[in-house]
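See structure below.
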Amino acid sequence: MNETQHKLIAAADFLLQENGLVRSTTRVIAKQAGVSEGLLYHYFRDKAELIHEVVFHRLRNLHETLDSLPSLVGQNTVEENLTRVLEIAYEAHYRAIPIICAVFSDYKLRNRIREIVRERQIGPDRSINILAAYLMAEQSIKRISAGINAISAAKLLFASSCHGAMVDHFLANRTEMHVKHLEIRDAVRMILVDPKPSVHLT
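In terms of numbering that gives the first Met the number 0, the sequence shown opens at residue 0 and continues consecutively.
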């Protein structure tokens, strides 16, 4: 990605925060970046592709952290590794939620971004699959109970951080990070509890 693309993404990010989705037209974004609107369309097929890049940029730290998970199998404790991932997920989702919510309010834009996500295979299911693969790898060396469904656990873990970010953003209740750390750690412990077999009464 070159300097012009970075400028356009930064300009779009700034304007989306300042002006909202509707007023952040490609013409206004290009002007903020100091380039022509034609040059914007040289690098991005449409506004949706640019907005997708803004969201991806806000989630970049999370993607990098997830990509590093395979190297953490057998390292530290599972609780420490997952707590770190979910803290980063919380921060990333907290930053991205305003734009994601705005996208959901625009039918055409939402459908176009869905197309982009499918084309590039970088949707939220990728994050779940990476986390599930990590959990299964830890199961293979007996650091997590084999009785835990890795996919279900990954979904619940991400849901806990994403829901927390959404609620905190909506209520303008920025939880202090040491408090959030304890909440996330407790969620990790609850989800990774070794399930007991069901007792059937006769």
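Glycine included, every Cβ here is placed at the ideal spot set by N, Cα and C.
When DSSP labels each residue in this structure, what does residue i get in the three-state scheme?
i, result
"Arg44", "coil"
"Ile190", "helix"
"Asn172", "coil"
"Met135", "helix"
"Ile211", "This structure gives no information on residue 211, because the portion of the chain shown stretches from 0 to 201."
"Ser144", "coil"
"Ile121", "coil"
Looking at the secondary structure, which residues open and close the alpha helix (DSSP H) in which residue i lies?
i, result
"Gly163", "Ala149 to Phe169"
What number of angstroms, rounded off, separates the C-alpha of residue i from the C-alpha of residue j?
i, j, result
"Phe55", "Val116", "10 angstroms"
"Lys141", "Ala47", "44 angstroms"
"Met189", "Ser159", "11 angstroms"
"Ala11", "Gln4", "11 angstroms"
"Glu118", "Thr76", "36 angstroms"
"Asn1", "Lys179", "36 angstroms"
"Arg113", "Glu175", "33 angstroms"
"Pro196", "Gly146", "With a pLDDT of 49 at Pro196, under the threshold of 50, the modelled position of this residue cannot be trusted; read the value that follows with caution. Cα-Cα distance, rounded: 9 angstroms."
Using a Cβ-Cβ cut-off of 7 angstroms, state whether residue i counts as contacting chain D.
i, result
"Gly37", "Annotation note: the requested chain D is absent from the structure, which comprises a single protein chain."
Subject >> Segments assigned beta strand (DSSP E), at least 3 residues, entirely inside the stretch 57-115 >> reply: none
Original post:
Which runs of the alpha helix (DSSP H), 4 residues or longer, sit entirely within the stretch 2-57?
Top reply: 2-22, 25-32, 36-42 and 46-57
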